[in-house]
Amino acid sequence: MIELQPFNEGDFSKLIAEIHDARFLLQWAGPKYTYPLDAPQLRDSLANTNGEKPSFKVFKVIRSDTTETVGHIQLMDIDYDAASCILGRVLIFQNYRGNGSGKAMVKEAVKIAFEDLHLAEINLGVFDFNTPAIGVYKSIGFTEFQFKKGARQFQNESWNVIRMKLNKDKWLHMNNANNGIE
């Protein structure tokens, strides 16, 4: 249904078009980017994808049947010695939401982290009001390990963050059980 391909400068305009205001940018990307999102900020992220052991893997999400770009996802702060990373900047473009693409792309990013990069744990942060994303993460096997009240401020709002993690052993166990291998 979907596949992850390397994100590049040719993909900037489509991603930027999805970021309609400062609140949404903060919700999606955290404080690293400032509104309005632009090419120089995205180039800075892509600079982390270079080298033999890059600290970032940045992907566009493609529908396999149409080759349309339908989203964006990143593996960030990849620590090869600690065998961990952060899953973040997960976005299904507005016109493609509600059809399972979000879950499919997270599953594919997790597979890349565990199988291709040989990592042992993935962490993420999600705002507690983003219940669809929390449901996707839990369905894949992520579990909550920390709740940070008032972790982010936006204008007069205070946002709570749920930290979640998934380790490779649990992921393998879930995949084997789902495939009837157990």
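Counting in this note's numbering, the sequence shown runs from 1494 upward without gaps. Ideal placement from N, C-alpha and C gives every residue a C-beta, glycine not left out. As the structure is a prediction and not an experimental result, all values here were calculated from the model.
Going by DSSP, residue 1494 is part of no beta strand (DSSP E) at all; its letter is neither H nor E. Here the alpha carbons of residue 1526 and residue 1657 stand approximately 22 Å from one another.
Where residue 1612 is concerned, there is no enclosing alpha helix (DSSP H), because DSSP gives it neither an H nor an E. As a beta-bridge residue in DSSP terms, residue 1577 pairs with 1572 and 1614. Listed in chain order, the non-local C-beta contacts of residue 1512 below 6 Å within the same chain comprise 1518 and 1530, local neighbours out to five positions each way being set aside. CA-to-CA, the gap between residue 1628 and residue 1643 works out to about 21 Å. Three or more pairs of CB atoms, one per stretch, sit closer than 8 Å, so the stretch 1598 to 1607 contacts the stretch 1548 to 1564. Inter-residue distance for residue 1634 and residue 1568 is about 17 Å (C-alpha atoms, whole angstroms). Among the bridge pairs identified by DSSP, residue 1629 is matched with none.
Take the alpha-carbon of residue 1613 and the one of residue 1653: they are about 27 Å apart. Bounds of the alpha helix (DSSP H) holding residue 1669 are 1661 to 1671. Here the alpha carbon of residue 1546 sits roughly 15 Å from the alpha carbon of residue 1538. In its chain, beyond the 5 residues on either side, 1548, 1578 and 1579 have a beta carbon closer than 7 Å to the beta carbon of residue 1570. Under the three-state reduction of DSSP output, residue 1643 falls in the strand class.
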